Each structure stands twice: as C-alpha cells, then as structure tokens.
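The next block holds one structure in the form of structure tokens; read it before the comments.
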Amino acid sequence: MIRKNINNYVFVIGVIAFLFLQMTFIPQMFRQNMVPNLVLIALIAGSLLASDGSVLYAAFFAGYIFDIYSGKYFGAVMMSFVIAVFSVSYMNHYFLKEAFSLSVLFSAILSVILYHVSYYSVTYVLNSYTPAVEAGSLAMIAASDILLLAVMLYLLIYIFSYNRNEK
Amino acid sequence: MMNGFRKIITTFIFLIVVSALLVFLAGANYLNKPNSAVASFYTPIAGALQGYSNDLYGFLDMISSIGTFKEENSRIKKENYELTQKISMLAEAERENEMLRKQLDFSDELCSSGTCLDWMMAKVIAKSPNSFEKYAIIDIGSDSGVKAGQAAVYSGGMLLGKITQVYEDTSRISLLTSSESSINVITQTSRSNGVVKGQYSTGVRLEMINQNEELKDGELIITSGLEDGIPKGLLIGRASRIEESANKIFKEANVDLFLDFNKVEEVFIAK
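Next up, the structure:
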C-alpha cells in the first residue's frame, strides 16, 4: 500500500515536471506546430501501467493547469485529457490486455486521435468555435505525438519488464 | 478486477461532471479568484523556467549555427566591402560635386568682373617623383583643346600653375613651386605689380616690386591678367616677411600658399 502510494506520488511529481517542461522548454525547442505533448504522453503511459483512477485525477489536474495557462476555452484540455486517458484504460482493459506490446502502439494512436478529436469537439461545444487549423498541420501534429508516444511507451515497457525480470 | 475498473469508470464520470461544472462556473466568472490563486502558485516557477529555457535555447541555437558562421561571416564581409565601396564612391561624388559648385561660383564671379571663361576639368594622373621639379600630369591634352601657357586652377579659383607641355592625351603643369614657374601678379590692396617665382620646391617668392610701392604684410596676391592664358584675379597666396633695403632695386617677400599641392587630385583648365 505504501509502495503504491509512493508510486502515485512519483507519478504526480513526474506529471507536474512534464507540465512545466511543456509550458516552457518544449515549445521553444520544437519549431512551428510540431510540438510534442509530453503531458499527454506521460498520462497515457501512466494509464497503461497503472490500473486505478489516480491517472484520471492526474489528467484532470494537468488539464486544469493547462486551461488556466492557455487562458481561453476553459475546460477543453481538462476534459480531453480525462477522456483520452479513460479511453485508453478502457480499451487496454477490455481488448488489449493480452497483447501488451500491441496495446502500446494501439493506445498511442488511439489516445492521440481521441485527445485531438475531444479537444476540438469540446472547444466547439463550449465556444461554438471552429479551430482554424489546417488538416495537414493537424495530421503532422498527431503523427509526431503518436510517434513520440509510441517510442516513449516502448521505452517504459522495456524498463518495466527489466525491473520485473530482476525481481 | 471488474470492481477495480468500475472504480475507474466512476472516477471518470465524476471527473467529467466536475469538469462540466467547472466549465459552467468559469463561464459565469465564478472561477476567476481560484484560478488566479492557482496561477499565482505556478507562474513564478514557469517564469523562472522560461528564463532558463531562453538561455538554453540561445545556447543550442548558437551551437547549431556554428556550421553557418563561416559562410555568414564571408557573406557579411562581402556585404561590408560592397557597402564601403558604395560609401566611398558617394563620398567621392559628393567631394567632386562640391568642387564643381565652388568652381562654378568662381566662374560666375569672374564672368561678372568681365572675364567669361569655359573650364575643363582634368584629373591629376601623375606627380613629380623628385623634390626639385614640381609638376603634375593631367589626363587631358591637345585632343581636348589644351594649350601651353594655360592656367591650371584649383576649385574656387586658386592658381596651381601653368601648362608647360602638351601631348595628345596628357599635359604637364608646372606648379607654382617649380623653379621654372614665373607668373605676373598684383597685390590686391596696394595694387603693386610683381612676379611670383618658384624656389626649387622650397617655397614661392614675390619679386620685382618697386621700392616706391607700398607692400603690406598679409596682403593677398592675385594674378594680374597680363599673360596670355592666365585670367586676372586667380588667387595665389599671402605676402609675408617683406624684405626691403635701400641697396636693392626691388622689394621681395615670401608667399604663403593656400593650397597643399600634394593633395590636389582634380584641376580646371581655362579654355
């Protein structure tokens, strides 16, 4: 129980660290619109590795900070993070439990698509606003997110299975 | 396990409801204060990180652009050279323009006093290589209508010397300081006639002033107009260190020239 709590704390601290990185370093390091969403990556990784609701709370909290920081369309990121994390947890739990490696790739694709769809849907519902984003740019952003997410998740799986084998 | 996932579903529904509630409250401006409080917590941290981020980005940008430094440097050098060249050409054009304007003013003044002349501009292409003979070679000659004995004038009406040799494309000017130079002059105030002669490059002397003429120190010396090709009123210099003695027939004086002949680049020849 204590170990589980410690893991939760580490995860929350990690998400907060990613949150600050996402708001400061990352947009500056990546040019144009190709900015990977580190927080989304951390949340999806967490949802694959943890089987409780703590990741959902983390998604809610991170989205809340994002919404305050961005200053407009309050609630869009918050809801999108929660929906994306839940969807991945759901798919992972019911359909992809056995094939973990496949589920990682599938989760990456699904979560990114769901995040973007839910973000633009929520924004549209909240503000009757059609985002002025070109389909090509959106596809490039999604592709970069998927790629980065997949790489990072496979890395986490490798570390995770290595630790498990050691035990 | 099913119970565990039911908990997740419950949490999800709970969070969506809370999110919807927050969105509603935010829309009604009820969340301004709490949001400001949360923002005041992370804004300083984000601000500090942004500072480090800028520094890091600047450093990485510098590292990534090292490869282009050489190319950029050579491009800037080339641009700098071209700009310097343009500035230099503009400065030269400005100087030439100024000189032509001064000469035009002088020409107008000369014409109003009864001597109307057309002037040709020439460039000095060579100067005497030794200290004894002072002359200059200009880039126009007989093809342009230059004749021996014509006055060579600096912008504004200062006499430099006389044309002593003419070729097809070039001419030779014997400068006032040359030993072969001898010009009829008049002092502007006392109207004393005399001759200005070169002194083997050591200077210029005013000679042949009658003892009964009153010559003042610092008086302006101008050409008398008695010689063919040299109009009246061209400026030569100022009289100084006047020498007069009962034993001598004529008075003599040094002439302080206004112009450093070594720096002359263009001259005007009266047609």
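Protein sequences, first through last, are from chains A and B. Numbering follows this note's numbering, in which position 129 of the first sequence is assigned residue number 129; successive positions increment by one, without gaps. With positions in the second sequence counted from 1, the corresponding number in this note's numbering is that position plus 1000. We treat Cβ as the ideally placed atom computed from N, Cα and C, and that holds for glycine. Since the structure is predicted, the reported quantities are computational estimates derived from the model, not experimental observations.
Checklist line | Min CB distance B:Ala-1093 to chain A below 9 Å | finding: Judged by the 9 Å Cβ criterion, B:Ala-1093 is not in contact with chain A.
Checklist line | Cα-Cα separation between B:Gly-1161 and B:Val-1264, rounded to whole angstroms | finding: Between the alpha carbons of B:Gly-1161 and B:Val-1264 lies a gap of roughly 12 Å.
Next item on the list: Please state whether DSSP places B:Ala-1136 in a helix, a strand or coil.
Entry: Strand at B:Ala-1136.
Note to self: Per DSSP, what are the beta-bridge partners of B:Thr-1187 in this structure?
What the structure shows: According to DSSP, B:Thr-1187 bridges with B:Ile-1221.
Checklist line | Per-residue burial, B:Asp-1237 [other beta carbons within 10 Å of its own, 16 or more giving buried] | finding: Residue identity differs from the one stated: residue 1237 of chain B is Gly in this sequence, not Asp. Taking all protein chains in view, the Cβ of B:Gly-1237 is crowded by 16 or more other Cβ atoms within 10 Å, so the residue is classified as buried.
Next item on the list: Ignore the nearest five residues each way along the sequence and tell me which others in B:Lys-1007's own chain have a CB closer than 6 Å to its CB.
Entry: Once the five neighbours on either side are set aside, B:Lys-1007 has no close Cβ partner at all.
Next item on the list: Could you tell me whether the Cβ of A:Thr-123 comes closer than 9 Å to any Cβ of chain B?
Entry: Proximity of A:Thr-123 to chain B, defined by a Cβ-Cβ separation below 9 Å, is not satisfied.
Checklist line | A:Leu-43 vs A:Ala-17 beta-carbon contact at 9 Å | finding: In this structure, the beta-carbon distance from A:Leu-43 to A:Ala-17 does not fall below 9 Å.
Notebook entry, point to check: Bridge partners of B:Ile-1173, per DSSP?
Noted result: For B:Ile-1173, which the question treats as bridged, DSSP gives the partners B:Ala-1136, B:Ile-1163.
Notebook entry, point to check: By DSSP, does B:Arg-1250 sit in helix, in strand, or in coil?
Noted result: Note on residue identity: the sequence assigns Phe, not Arg, to residue 1250 of chain B. It is a strand residue.
Check: With a CB to CB cut of under 7 Å and the five nearest residues on each side skipped, what residues in its chain are close to A:Leu-155?
Finding: Closer than 7 Å at the Cβ level, and outside the excluded window around A:Leu-155, lies no residue.
Note to self: Against chain A, does B:Ile-1063 count as a neighbour if the rule is that its beta carbon must be under 9 Å from one of theirs?
What the structure shows: For B:Ile-1063, the answer is no, since every Cβ of chain A falls outside 9 Å of its Cβ.
Item checked: Host beta strand (DSSP E) of A:Gly-46 (start-end) -> For A:Gly-46, there is no enclosing beta strand (DSSP E); the residue is found in the alpha helix (DSSP H) stretching over 38-49.
Next item on the list: With 9 Å as the threshold, decide whether the Cβ of A:Ile-65 is near any Cβ in chain B.
Entry: Chain B, which has a Cβ nearer than 9 Å to the Cβ of A:Ile-65, makes this yes.
Next item on the list: Go ahead and pull the three-state DSSP assignment for B:Ile-1230.
Entry: Assigned with DSSP and collapsed to three states, B:Ile-1230 falls in coil, not helix or strand.
Item checked: Residues in the segment 1001-1034 of chain B having any Cβ partner in chain A nearer than 7 Å -> So the list reads Gly-1004, Phe-1005, Lys-1007, Ile-1008, Thr-1011, Phe-1012, Leu-1015, Ile-1016, Ser-1019, Leu-1022, Val-1023, Ala-1026, given in the order they occur along the chain.
Item checked: Coarse secondary structure for B:Glu-1094, derived from DSSP in three states -> DSSP, read as helix, strand or coil, puts B:Glu-1094 in helix.
Notebook entry, point to check: If we count the other Cβ atoms within 10 Å of its Cβ and call it buried at 16 or more, is A:Arg-3 buried or exposed?
Noted result: With a pLDDT of only 48 at A:Arg-3, under the threshold of 50, the placement of this residue in the model should not be trusted; the figure read from the coordinates follows. By the beta-carbon neighbour count (other beta carbons within 10 angstroms, threshold 16), A:Arg-3 is exposed.
Margin query: Considering only DSSP beta bridges, list what B:Asn-1080 is partnered with.
Written below: Answer is none; B:Asn-1080 lacks a bridge partner.
Margin query: Under 8 Å, with one C-beta from each stretch per pair, do the segment 1168-1180 of chain B and the segment 1217-1231 of chain B reach the 3-pair mark?
Written below: Counting Cβ pairs under 8 Å, fewer than three are found: no touch.
Next item on the list: Report the rounded CA-to-CA distance for A:Ser-144 versus A:Ala-108, giving the unit in angstroms.
Entry: A:Ser-144 and A:Ala-108: Cα-Cα distance of roughly 11 Å.
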